[in-house]
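Enquirer: I'd like to ask some things about the structure below.
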Amino acid sequence: MSMQLQTRFCDIFGIEKPIVLAGMAGNINSAALVAAVSEAGGLGTIAGAYVTPQALRERIREVRALTNRPFAVNLLLFEQPEQQEVTPAFRQWLNQQRERFNLAPWTGDWPTLQDEITDCFTVILEEKPAVFSCAMGLPGKYGESAKAAGMKVVGMATTQAEAEQLVAQRVDAIVAQGGEAGGHRSTFDAGEDGPGECIGTLPLVAQLASTIQRVPVIAAGGIMNGQSIVAALALGAEAVQLGTRFLGCAESTANKVYKERLFNAKETDTAVTRAFSGRPARGVVNHFMKEFDKSRARSLAYPIQNELTKEIRQAAGKALDADYISLWAGQGVGMLQKEEKAADIMNALLEEAQQSFSRLQSWVHEK
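Here the sequence shown stands for residues 109 to 475, where the numbers follow my numbering.
Here it is, written out as structure tokens:
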């Protein structure tokens, strides 16, 4: 007999299974992947970061053509940084990486950033997906507009204080991002150095679930199988969010050498770095990260450093060189063994959860 997991999160968001696909930026979440998770009863998520408004509109419509189930669109919310002093060590490190791929040395010109957050959010308002989710900051005016348009709003927190701020802004659910999570830390103020807030998933979820009861908590970070889902629910979470588990799936558009590196990674192979974007993010350690650490260069603010390293990452991707692309992954990456279809992953997660529940029940005896 198959198990049905029906939590308050499922009821609020109109889905069947309390499983959320993380909004993995970088064109990894294909329309097929997002739709597959939603079709399987979870909540698929379109990553709205690093795309043009037109591309975002097209992706939303592609997903709609594949499913009539609810899905989310995620944006990274951040303040545009002021120009900073660039140290000689940083310039030398950056140009060494550029030279490796026959790119001209950086001239020192400060990148001109396109502020597309507002334009992308306008697309979201016009297309009206079921859910607007955000990371790196409070939803603010975007959250207010989304709720007024009838969307559910989800924010991401790495601390108790951040979660309380999200509750004050009337979000419908909070993602508790543990330190094990792959990709960028969502810490609202990540500072100029260090890893950002990295509280473990289990203690963070346990704390938020016990203190913030007005809205469901979604556990994120290191969750790779059904056993992890059971653990999160036992701590009080009402849903889980998975990214790394879907990175290597058939519908993921991650570079093939990225997938290969993930399939061969051990649980000890990830670290938090600012090398690629200037903001702390967890990924599989490669030469790019090691050389940045060795240079002792001071990182620039996000997304300036992300813009300055973009050509290097693009060139490395074309050359199928995994040592110079960002290999975002969580600490559960050692459990990622092979390519699977997203629907099969969803089924496996529920089967594993059912087996875990059955095992726990077998240990419970009345006195």
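Yeah, the Cβ is synthetic: ideal placement off N, Cα and C, and Gly gets one too.
If you run the structure through DSSP and keep just helix, strand and coil, what is residue 473?
Expert: Walking along the sequence shown from the start, residue 473 turns up at place 365. Looking at residue 473 - three-state DSSP - the assignment turns out to be coil, as it is neither helix nor strand.
Enquirer: Taking 8 Å as the cut-off, decide whether the C-beta atoms of residue 216 and residue 242 are in contact.
Expert: The residue you call residue 216 lines up with position 108 of the sequence shown. The residue you call residue 242 lines up with position 134 of the sequence shown. The answer is no: Cβ separation not under 8 Å.
Enquirer: Quick check on this structure: which residue in 258, 394, 176 and 196 has the alpha carbon closest to the alpha carbon of residue 379?
Expert: Counting from 1 along the sequence shown, the entry for residue 379 is found at position 271. The shortest Cα separation from residue 379 among 258, 394, 176 and 196 belongs to 394.
Enquirer: Can you name, in chain order, every residue of its own chain whose Cβ lies under 7 Å from the Cβ of residue 499, other than the five neighbours on each side?
Expert: An answer regarding residue 499 cannot be provided, because it is not within the stretch 109 to 475 covered by the chain.
Enquirer: Just the Cα atoms here: how many angstroms apart are residue 392 and residue 418?
Expert: For the purposes of this step, residue 392 is identified with residue 284 of the sequence shown, where counting begins at 1. For the purposes of this step, residue 418 is identified with residue 310 of the sequence shown, where counting begins at 1. The alpha-carbon atoms of residue 392 and residue 418 are separated by roughly 18 Å.
Enquirer: In the DSSP assignment, what are the bridge partners of residue 151?
Expert: Stepping through the sequence shown from its first residue, residue 151 is reached at position 43. 128, per the DSSP bridge assignment.
Enquirer: If you drop the 5 nearest sequence neighbours on each side, which residues of the same chain put their C-beta closer than 7 Å to that of residue 223?
Expert: In the sequence shown, counting from the first residue as 1, residue 223 sits at position 115. Result list for residue 223: 188, in chain order.
Enquirer: Just mark residue 101 as buried or exposed, buried being the case when its beta carbon has 16 or more other beta carbons within 10 Å.
Expert: With the chain covering only 109 through 475, there is no way to say anything about residue 101.
Enquirer: If we count the other Cβ atoms within 10 Å of its Cβ and call it buried at 16 or more, is residue 292 buried or exposed?
Expert: On the sequence shown, position 184 is the one that residue 292 refers to. Answer is buried; the Cβ neighbour count reaches 16.
Enquirer: Residue 182 bridges to which residues according to DSSP?
Expert: Indexing the sequence shown from 1 puts residue 182 at position 74. In the DSSP output, where bridge partners are listed per residue, residue 182 has 155 and 241.
Enquirer: Take the Cβ of residue 280 as the centre, count every other Cβ of all protein chains shown within 10 Å, and call the residue buried at 16 or more, exposed below.
Expert: Taking the sequence shown and counting its residues from 1, the one referred to as residue 280 is at position 172. With 16 or more other Cβ atoms within 10 Å, it is buried.
Enquirer: Taking contact to mean 3 or more Cβ pairs, one atom from each stretch, closer than 8 Å, check whether the segment 188-202 and the segment 116-135 are in contact.
Expert: At 8 Å Cβ cutoff, the stretches do not touch.
Enquirer: How big is the Cα-Cα spacing for residue 351 and residue 210?
Expert: To locate residue 351, count along the sequence shown from 1; it is residue 243. To locate residue 210, count along the sequence shown from 1; it is residue 102. For residue 351 and residue 210, the distance between alpha carbons rounds to 33 Å.
Enquirer: Out of 139, 374, 147 and 311, which has the shortest C-alpha to C-alpha gap to residue 166?
Expert: Locating residue 166 in the sequence shown gives position 58, where the first residue counts as 1. Minimum Cα distance to residue 166 is reached at 139.
Enquirer: Which same chain residues, not among the five before or five after residue 469, have their C-beta less than 6 Å away from its C-beta?
Expert: By one-based count along the sequence shown, residue 469 stands at place 361. Excluding residues within five positions, none has a Cβ falling inside 6 Å.
Enquirer: Identify, in the order they occur along the chain, each residue of the same chain with its Cβ nearer than 7 Å to the Cβ of residue 475, setting aside the five sequence neighbours on each side.
Expert: For the purposes of this step, residue 475 is identified with residue 367 of the sequence shown, where counting begins at 1. Excluding residues within five positions, none has a Cβ falling inside 7 Å.
Enquirer: Specify, as a first and last residue, the run of the beta strand (DSSP E) that residue 260 falls within.
Expert: The count along the sequence shown starts at 1 and reaches residue 260 at position 152. Note, residue 260: beta strand (DSSP E), 260-265.
Enquirer: Please tell me whether residue 415 and residue 185 are closer than 8 Å, where the distance is taken between their beta carbons.
Expert: Residue mapping note: residue 415 aligns to position 307 of the sequence shown, counting from 1. Residue mapping note: residue 185 aligns to position 77 of the sequence shown, counting from 1. No, the Cβ-Cβ distance between residue 415 and residue 185 is not below 8 Å.
Enquirer: Please report how far the alpha carbon of residue 320 lies from the alpha carbon of residue 347, in whole angstroms.
Expert: As a first step, residue 320 is located in the sequence shown; it is residue number 212 there, counting from the start. As a first step, residue 347 is located in the sequence shown; it is residue number 239 there, counting from the start. About 15 Å.
Enquirer: Please classify residue 353 as buried or exposed, where buried requires at least 16 other C-beta atoms within 10 Å of its C-beta.
Expert: Within the sequence shown, residue 353 is the residue found at index 245, counting from 1. Residue 353 should be labelled buried.
Enquirer: With residue 314 as the anchor, note down where its alpha helix (DSSP H) starts and where it stops.
Expert: One-based indexing of the sequence shown puts residue 314 at position 206. Start and end: 309-319.
Enquirer: Note down the Cα distance separating residue 313 from residue 326, rounded to an integer number of angstroms.
Expert: Numbered from its first residue, the sequence shown carries residue 313 at position 205. Numbered from its first residue, the sequence shown carries residue 326 at position 218. Straight-line Cα distance between these residues: approximately 8 Å.
Enquirer: So, under 8 Å CB-CB, residue 442 and residue 330 are touching, yes? Tell me the CB distance rounded to an integer number of Å.
Expert: Taking the first residue of the sequence shown as position 1, residue 442 is located at position 334. Taking the first residue of the sequence shown as position 1, residue 330 is located at position 222. Between residue 330 and residue 442 the Cβ distance is about 10 Å, and since that is not below 8 Å, they are no contact.
Enquirer: Can you say whether residue 376 is buried or exposed, counting buried as having 16 or more other CB atoms within 10 angstroms of its CB?
Expert: Sequence index remark: in the sequence shown, residue 376 carries index 268 (1-based). Result: exposed.
Enquirer: Which value, in whole angstroms, describes the spacing of the CA atoms of residue 178 and residue 152?
Expert: In the sequence shown, counting from the first residue as 1, residue 178 sits at position 70. In the sequence shown, counting from the first residue as 1, residue 152 sits at position 44. About 8 Å.
Enquirer: Residue 389 bridges to which residues according to DSSP?
Expert: Translated into positions along the sequence shown, residue 389 becomes position 281. Residue 389 pairs with 292 and 381.
Enquirer: Can you tell me whether residue 466 is buried or exposed? The criterion is at least 16 other CB atoms within 10 Å of its CB, across all chains shown.
Expert: Counted from its first residue, the sequence shown places residue 466 at position 358. Classification of residue 466: exposed, given that the 10 Å Cβ count is below 16.
Enquirer: Using 8 Å as the Cβ pair cut-off and three pairs as the minimum, do the segment 132-148 and the segment 447-460 touch?
Expert: Taking 8 Å as the limit for Cβ pairs, the verdict is that the segment 447-460 does touch the segment 132-148.
Enquirer: Over the uninterrupted beta strand (DSSP E) stretch that includes residue 476, give me the two end residues.
Expert: The shown model of the chain, from 109 to 475, leaves out residue 476, and the question about it has no answer.
Enquirer: Suppose only complete runs of 3+ residues qualify. What are the beta strand (DSSP E) ranges in the segment 169-214, listed by chain order?
Expert: Taking only runs of at least 3 residues, the beta strand (DSSP E) segments lying wholly in the segment 169-214 are 179-184.
Enquirer: DSSP on residue 285, reduced to helix/strand/coil?
Expert: Counting from 1 along the sequence shown, the entry for residue 285 is found at position 177. Here residue 285 sits in strand by DSSP.
Enquirer: My output table needs one value for residue 279: the three-state DSSP class, helix, strand or coil.
Expert: Taking the sequence shown and counting its residues from 1, the one referred to as residue 279 is at position 171. Coil at residue 279, not helix or strand.
Enquirer: By how many angstroms is the C-alpha of residue 239 removed from the C-alpha of residue 322?
Expert: Sequence index remark: in the sequence shown, residue 322 carries index 214 (1-based). Sequence index remark: in the sequence shown, residue 239 carries index 131 (1-based). Cα to Cα, residue 322 sits roughly 18 Å from residue 239.
Enquirer: Any idea what DSSP makes of residue 109, helix, strand or coil?
Expert: Residue mapping note: residue 109 aligns to position 1 of the sequence shown, counting from 1. Since pLDDT at residue 109 reaches only 45, below the 50 mark, its modelled position is unreliable, and the value read off the structure follows with that caveat. In this structure, residue 109 counts as coil in the three-state DSSP scheme.
Enquirer: Would you say residue 476 and residue 133 are within 8 Å of each other, going by their C-beta atoms?
Expert: No answer is possible for residue 476: the residues shown for the chain start at 109 and end at 475.
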